[in-house]
Amino acid sequence: MLNWLLIFVPVTLALEYLAPDRYLPIFASAALAILPLAGWLGQATEHLAEHFGEGVGGLLNATFGNATELIIGIVALQAGLHDVVKASIAGSIIGNILLVLGGAMLFGGMRYPEQHFNATGARSQATLLSLAAIALVLPAAYEASAVAKIPQGAHYLSVSISVVLLSVYVLFLVYSLITHKREFVSESGDDDTPKPVPWSMGKALLVLGVATALLAWTSEILVAAIEPSTRQLGLSNAFVGIFVVAILGNAAEHATAITMAMKNRMDLSLAIAIGSSVQVALFVAPVLALASLFVGPAAMDLDFPPGLVLVLLLSVLITGQVAGDGRSDWFKGVQLLAVYLILGMAFAFLAGESPH
Amino acid sequence: MLNWLLIFVPVTLALEYLAPDRYLPIFASAALAILPLAGWLGQATEHLAEHFGEGVGGLLNATFGNATELIIGIVALQAGLHDVVKASIAGSIIGNILLVLGGAMLFGGMRYPEQHFNATGARSQATLLSLAAIALVLPAAYEASAVAKIPQGAHYLSVSISVVLLSVYVLFLVYSLITHKREFVSESGDDDTPKPVPWSMGKALLVLGVATALLAWTSEILVAAIEPSTRQLGLSNAFVGIFVVAILGNAAEHATAITMAMKNRMDLSLAIAIGSSVQVALFVAPVLALASLFVGPAAMDLDFPPGLVLVLLLSVLITGQVAGDGRSDWFKGVQLLAVYLILGMAFAFLAGESPH
Amino acid sequence: MLNWLLIFVPVTLALEYLAPDRYLPIFASAALAILPLAGWLGQATEHLAEHFGEGVGGLLNATFGNATELIIGIVALQAGLHDVVKASIAGSIIGNILLVLGGAMLFGGMRYPEQHFNATGARSQATLLSLAAIALVLPAAYEASAVAKIPQGAHYLSVSISVVLLSVYVLFLVYSLITHKREFVSESGDDDTPKPVPWSMGKALLVLGVATALLAWTSEILVAAIEPSTRQLGLSNAFVGIFVVAILGNAAEHATAITMAMKNRMDLSLAIAIGSSVQVALFVAPVLALASLFVGPAAMDLDFPPGLVLVLLLSVLITGQVAGDGRSDWFKGVQLLAVYLILGMAFAFLAGESPH
Chain A
1 MLNWLLIFVP VTLALEYLAP DRYLPIFASA ALAILPLAGW LGQATEHLAE HFGEGVGGLL
61 NATFGNATEL IIGIVALQAG LHDVVKASIA GSIIGNILLV LGGAMLFGGM RYPEQHFNAT
121 GARSQATLLS LAAIALVLPA AYEASAVAKI PQGAHYLSVS ISVVLLSVYV LFLVYSLITH
181 KREFVSESGD DDTPKPVPWS MGKALLVLGV ATALLAWTSE ILVAAIEPST RQLGLSNAFV
241 GIFVVAILGN AAEHATAITM AMKNRMDLSL AIAIGSSVQV ALFVAPVLAL ASLFVGPAAM
301 DLDFPPGLVL VLLLSVLITG QVAGDGRSDW FKGVQLLAVY LILGMAFAFL AGESPH
Chain B
1 MLNWLLIFVP VTLALEYLAP DRYLPIFASA ALAILPLAGW LGQATEHLAE HFGEGVGGLL
61 NATFGNATEL IIGIVALQAG LHDVVKASIA GSIIGNILLV LGGAMLFGGM RYPEQHFNAT
121 GARSQATLLS LAAIALVLPA AYEASAVAKI PQGAHYLSVS ISVVLLSVYV LFLVYSLITH
181 KREFVSESGD DDTPKPVPWS MGKALLVLGV ATALLAWTSE ILVAAIEPST RQLGLSNAFV
241 GIFVVAILGN AAEHATAITM AMKNRMDLSL AIAIGSSVQV ALFVAPVLAL ASLFVGPAAM
301 DLDFPPGLVL VLLLSVLITG QVAGDGRSDW FKGVQLLAVY LILGMAFAFL AGESPH
Chain C
1 MLNWLLIFVP VTLALEYLAP DRYLPIFASA ALAILPLAGW LGQATEHLAE HFGEGVGGLL
61 NATFGNATEL IIGIVALQAG LHDVVKASIA GSIIGNILLV LGGAMLFGGM RYPEQHFNAT
121 GARSQATLLS LAAIALVLPA AYEASAVAKI PQGAHYLSVS ISVVLLSVYV LFLVYSLITH
181 KREFVSESGD DDTPKPVPWS MGKALLVLGV ATALLAWTSE ILVAAIEPST RQLGLSNAFV
241 GIFVVAILGN AAEHATAITM AMKNRMDLSL AIAIGSSVQV ALFVAPVLAL ASLFVGPAAM
301 DLDFPPGLVL VLLLSVLITG QVAGDGRSDW FKGVQLLAVY LILGMAFAFL AGESPH
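Quick mapping for you: the protein sequence lines, in order, are chains A, B and C. Residue 339 in full-length UniProt numbering is what sits at position 339 of the first sequence, and the numbering runs on without skipping anything. Residue 41 in full-length UniProt numbering is what sits at position 41 of the second sequence, and the numbering runs on without skipping anything. Residue 131 in full-length UniProt numbering is what sits at position 131 of the third sequence, and the numbering runs on without skipping anything.
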């Protein structure tokens, strides 16, 4: 579907060499090129997973399902753009709730006057997200209101939290792939779309390699163009992180969640939207924080600026409420999208750099 | 019922001319005079709406149902009392939750040991309120934690948000009057109280005009007396906005919600309390923000001070929880009222002016 | 079960006289001695309550069930350690949610793949906790964002709030012991464990007296050792209050809640965990605030530092979500414990003293 966007891979290449100081077109072209590459990367991962049984396959899917976000994140760490990385983590979490779920409820609601989903299951996942997000921002929020006394305390704290979050993620994999796998399988098990013929392992590995290489290379161009582009547009790095990088990294999930909603399968749609947020909080965020110890000019602590902490907590609150009543319609979608729009305007107009 | 309070219209007039510097009695008298005038205005609107079909009638009711709040708000804008206006917006939202719902649950619970309501429907409305309130305060909260860089950014943001909120309100009218009207009608459809004979359109328009004129005039006297009265009492403008102006503007809803609870119709009671809060967030607040561009000495931005943002978010949280369990008793009412009382004491004792 | 820990009563005595400047061993020994004493105090209260009918007995249980927390709190007030007292209040509330409920869900979930509880009842209690906690922290949170203008305003506010909270507590006793007692009895009524033979009133009073005396004396030694111990360990008083004093005061509830979960009686487990938090917010906190008017060097206001306010509000949010979906498993327990662990690390690494 997005394959025609692959044209932007050579376009980005051409721009980079022919007009290396036209940052805005380069930024836009690289962003568009990332979309189909992320799609191919995702497909290759899924096909590869087919060759391994449920357990290892599920592990592969869970771990490499966030490969695009990880690749862009690591490239941004190398460039020392910590604010972009943090903003894209926060942006992924809130984007999945407000933009993806909002879009799914709006488009689904335009076909069906009222859609229902399993409120208990959805609440369960919303609780998981709450705990994950709170664990992620709690120290930042606490730190904002305290006078740190131990030098390097925030740094040690960030590393420790990353280890705790990753441990929780490993336990989550044990939970979802071993002890409670039936709950997770059943939701996607009643899929009536015919499955495509699986690729050979060789093809899968080849596509995986090529897509990863191109993605890494395009991400570097994108990241290098962020700062001059935002300056030109009068926007902040945080804005680009939240609203551009986060959307690029999650485009595939966005499309699937909306498609499922239009097929009146709201349970799956919610599972994708909330599940993606959980993976970012429990896996992508700590991996990037730990990776920053080895990559880039300085370690990135998990000290989200207050504005991001607030929007994260509010989206957690919203998720719980939206998931809690077991029903959706087009107007609920409109509201979620309106909150996302207002949030975008707040970051755009205020160009808010945190006082950190 | 409140008609005898009409005596305070001439009393206010008399005080205003005979003892123009006795601010406190003038303030009290004008406040008491507003109560029956708001009641007449509401009745005239309903009778007028009867003459137009469901659609236009519903629109009239929804739009002019908040006429009292709008009139007092615009008069306060003319006097440049932005803090009073913002406080009365926040006060309307929290008052409907804590005072009205608390009162309804207490009085209803004194008659019935346990009252039940449709938890799904109530949660749906609580979600609507959450999203509306979050959209309203999000930028203020974000701004409080950021360093604004774009001059006039907060102002442009405020205007943009007002436009978004009003658009959402228009879509809400489409939703509640057209696409999903059955859900909203059914709730009040099983009303067994005999409907009064509708007034002629001429009578309705006459009462509407007279009540509006008297209301505007009394509001001007009230607003002019706010500052000297609060100084005399050692209270802040915020206190008066939250606990006096907000209550005056919503007295009719308060009475109805409590009456319904005492008839064991908690669904309707909740719908009125939460619905009023939603209307203030989606309609009254943005209309006043936009009106301030043309009325009064300066534009009023939607930058609520942190104290108000916090209580708004907390009352949203409370609404979700209270609505979520589908049952109420007298002790839940006591608790909501206790939170309201403590809130009142906080504003009274601390005389908190925000550092804005 | 914990009786062998009574050995630490003479050990503490010996240390206090033989090595009065070895603060850390004294602190540890006193802490361990408090555990069995609190257990005996609790047992004596329950046996005493048996001798009075349901009403007075329930009152005795409710009031003296928090005796350990009150005794340690009053001793800390005498020593002027207001930060320890406030931290232990906050720590009791969050500890009951995160540590006790988390432990119960983890241990219960290791025996049963999925445990269910009455979501409506649990939500009802979670709402009670929310309102209680919000009432407790609201003014502190408000004050943090306002410029107090009235001298002594915060002090008068604190006293007034304590009176309101205690009044709500009295009404809560009326509610749970008189008007709605069936809801509360039924939950523990189906207990199939054989009841022990009740003690004679004389024995109960004797044990009550001895345990209280020893507890008060051990608490004094513990409190005197807090400051030098924390300095030695590089920790803050807040850390000790939240994570040590709070756990000592609630150890009995912790054990019971976990035991009940392992018997698959999650309803009772939740009732104990959430109920203990409610009692601290509505009874222990205001009693200590009022006691400080007569005990110790200065009055203790209920102005929790921002870090504590935040974690209190977040744990309220979590409780609502966790209780709301009516089911638990081991992974939910892991998550609650992870949040508690991260919170502990935040307080330990940042050694956060609030800017108050």
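Even for Gly, the Cβ is constructed at its ideal location relative to N, Cα and C.
Asked                                                                                                                 : Found
Chain-ordered neighbours of F172(A) on chain C, where CB pairs are closer than 7 Å                                    : F331
Extent of the continuous alpha helix (DSSP H) run through H82(B)                                                      : 82-94
Short CB-CB distance (under 8 Å) between A281(B) and chain A                                                          : no
The alpha helix (DSSP H) enclosing K263(C), as first and last residue numbers                                         : Where K263(C) is concerned, there is no enclosing alpha helix (DSSP H), given that its DSSP letter is neither H nor E.
Cβ neighbour criterion (16 or more within 10 Å) applied to L336(B)                                                    : buried
Run of the alpha helix (DSSP H) containing F172(C), from where it starts to where it stops                            : 153-174
L5(A) beta carbon less than 8 Å from that of A33(A)                                                                   : yes
Cβ-based burial, L18(B) [other Cβ within 10 Å; buried from 16]                                                        : exposed
Outcome for N3(C) when other beta-carbon atoms lying within 10 angstroms are tallied against a minimum of 16          : exposed
Under 8 Å between C-beta atoms of V41(B) and M201(B)                                                                  : Strictly speaking, residue 41(B) in this sequence is Leu, with Val absent from that position. Against a cut-off of 8 Å, the Cβ pair of M201(B) and L41(B) comes out as no contact.
Sufficient close CB pairs (3 or more, under 8 Å) joining the region 230-246 of chain A to the region 56-66 of chain A : no
Contact check, L222(A) vs F27(A), beta carbons under 8 Å                                                              : yes
Reference W330(B); option with closest CA among A133(B), V339(B), G103(B), L129(B)                                    : G103(B)
Distance, D21(C) Cα to L13(C) Cα                                                                                      : 13 Å
Integer Cβ distance of I71(C) from L302(C), believed to fall under 8 Å                                                : Not quite, the Cβ-Cβ distance comes to about 20 Å (not below 8 Å), so this is no contact.
Where the alpha helix (DSSP H) containing H47(A) begins and where it ends                                             : 23-50
CB contact check: R327(C) to chain B, cutoff 8 Å                                                                      : no
Three-way DSSP call (helix, strand, coil) for S130(C) in this model                                                   : helix
7 Å CB neighbourhood of Y340(A) in its chain, flanking five on each side removed                                      : L98, L99, G102
Minimum C-alpha distance to V287(B) - residue among G95(B), Q43(B), L77(B)                                            : L77(B)
Beta-carbon gap between R327(C) and S124(A) smaller than 8 Å                                                          : yes
Proximity of F243(C) and L157(A) at Cβ, strictly below 8 Å                                                            : no
Any chain C beta carbon closer than 8 Å to G324(B)                                                                    : yes
Run of the alpha helix (DSSP H) containing F239(B), from where it starts to where it stops                            : 237-240
CB contact check: F349(C) to chain A, cutoff 8 Å                                                                      : yes
Residues that I318(B) contacts on chain C, provided the C-beta gap is smaller than 9 Å                                : T127, S130, L131, I134
Sequence-distant residues of the same chain with beta carbon closer than 7 Å to V84(C), five excluded per side        : A76, I226, N237, V240, G241, V245
Cutoff 8 Å: V339(B) Cβ touching any chain A Cβ                                                                        : no
K203(C) burial status per 10 Å Cβ neighbour count (16 or more: buried)                                                : exposed
Simplified DSSP state of S292(A), which is helix, strand or coil                                                      : coil
Assigned exposure category for K206(A) - 16 Cβ within 10 Å defines buried                                             : In the sequence under discussion, the amino acid at residue 206(A) is Leu, which differs from the Lys named in the question. L206(A) is exposed by the Cβ-count criterion.
Min CB distance G153(C) to chain B below 8 Å                                                                          : yes
Within chain A, the residues that M345(C) reaches when beta carbons sit closer than 9 Å                               : P139, Y156, L157, S160, I161, V164
Within chain C, partners of V168(A) - CB distance below 7 Å                                                           : V334, Q335, A338
Contacting positions in the region 70-100 of chain C - beta carbon closer than 9 Å to chain A                         : none
E16(C): first and last residue of the uninterrupted alpha helix (DSSP H) it sits in                                   : 8-18
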